[in-house]
Amino acid sequence: MADELILFTHPQSRGAMVHWMLEEIGCPYRLEVKQFGPDMKSPEYLAINPMGKVPALRHGNTVVTESGAILCYLADLFPEAKLAPPPAERGAYYRWMFFVSGCGEPALANKAAGWSPDTPELQVMFGYGSYERTLETVAQAVAERTTIAADHFTAADLYMASFLHWGMMFGGIEKRPVFEDYAERHVGRPAALRAQEQGAKLMASMATSS
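First residue of the sequence shown? That's 0 in numbering that gives the first Met the number 0, and the numbers climb one at a time after it.
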């Protein structure tokens with residue numbers, strides 16, 4: 000590929016799932032680690048992502064932010080990796096990619112902040128309705144099949160498994176056998192383990208340099 004892929008990330012951020020995605024694809028890429036705080040708010044980085052957050056992907060002159068969008072971009076950029084179903088078969092794929100970003104993440108973030116819409120009137124205003132309804136919907140989906148959007152592993156599984164794994168790790172999502180079985184099945188993939196090992200080395204290097 001003529002244009003270099005650069006992932007701006009931090010090992011303890013949502014960038015870890017994009018790192019995993021790059022390992023699944025097996026393409027050359029470069030990591031640019033950004034520290035939380037002033038480093039992510041520098042003028043140079045704000046020119047890449049005005050939100051001052053990671054991850055962000057630069058591919059030649061193209062910049063993509065938001066984890067779900069980056070995963071979709073990479074899946075389309077490398078169709079040979081088969082991380083997205085054929086276009087005519089993407090109904091479930093798009094559904095669950097956008098469900099994680101549009102329902103799962105907001106429901107988890109609001110709960111972590113100590114607030115959730117707890118009346119029918121408020122629930123109508125939020126796309127995810129309620130934290131409980133969101134988790135029940137996910138539980139039903141991952142209990143019904145090994146992979147959520149196709150007959151093989153896709154970026155939708157990567158995104159959902161990452162969401163559940165991190166949510167349970169930090170206590171934002173209650174541990175249920177159905178969640179643990181689904182998440183562990185996918186976060187144990189060789190590409191995920193390679194990304195985790197590289198992330199651990201980056202964290203150790205950052206600790207030493209500080």
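No residue lacks a Cβ here, since even glycine has one placed at the ideal position from N, Cα and C.
All figures in this text were calculated on a predicted structure; none of them were measured in a lab.
Taking the alpha-carbon of residue i as reference, which of the options has the nearest alpha-carbon?
i, options, result
"P49", "V63, H58, G59", "V63"
"M202", "M20, V32, F162, W19", "V32"
"I69", "L45, R13, A112, G36", "R13"
"F97", "F152, T133, E173", "T133"
"D150", "Y72, E88, A106", "E88"
"L107", "Y127, E65, E196", "Y127"
"T153", "P42, K81, M205", "K81"
Just to confirm, are residue i and residue j a CB contact at a threshold of 7 Å?
i, j, result
"S129", "Q122", "yes"
"G59", "S100", "no"
"L73", "M20", "yes"
"F217", "G103", "An answer regarding residue 217 cannot be provided, because it is not within the stretch 0 to 209 covered by the chain."
"P37", "G198", "no"
"A194", "H18", "yes"
Near residue i, what residues of its chain come up, given a Cβ to Cβ distance below 6 Å and the 5 sequence neighbours on each side ignored?
i, result
"A148", "A91, Y92, W95, A155"
"R57", "I5"
"H185", "D156, A160"
Which same chain residues end up closer than 7 Å to residue i when comparing Cβ atoms and leaving out the 5 residues on each side of it in sequence?
i, result
"K110", "Y130, G171"
"D229", "Outside the displayed span of the chain (0 to 209) sits residue 229, for which this structure offers no information."
"D75", "A83"
Where residue i and residue j are concerned, what is the direct C-alpha to C-alpha distance, given to the nearest angstrom?
i, j, result
"L192", "M16", "11 Å"
"A142", "S208", "44 Å"
"W114", "T136", "20 Å"
"K52", "P86", "30 Å"
"M124", "P116", "9 Å"
"P189", "E79", "18 Å"
"K174", "G187", "17 Å"
"P105", "E65", "14 Å"
Would you say residue i lies against chain C (beta-carbon separation less than 7 Å)?
i, result
"S41", "The chain inventory of the structure shown lacks chain C, comprising one protein chain alone."
Tell me, please, whether the region 162-176 touches the region 17-33 by the rule of three or more beta-carbon pairs shorter than 8 Å.
-> no
Spell out a yes or no on whether the region 174-187 and the region 32-42 are touching, meaning 3 or more CB-CB pairs, one atom from each, closer than 8 Å.
-> no
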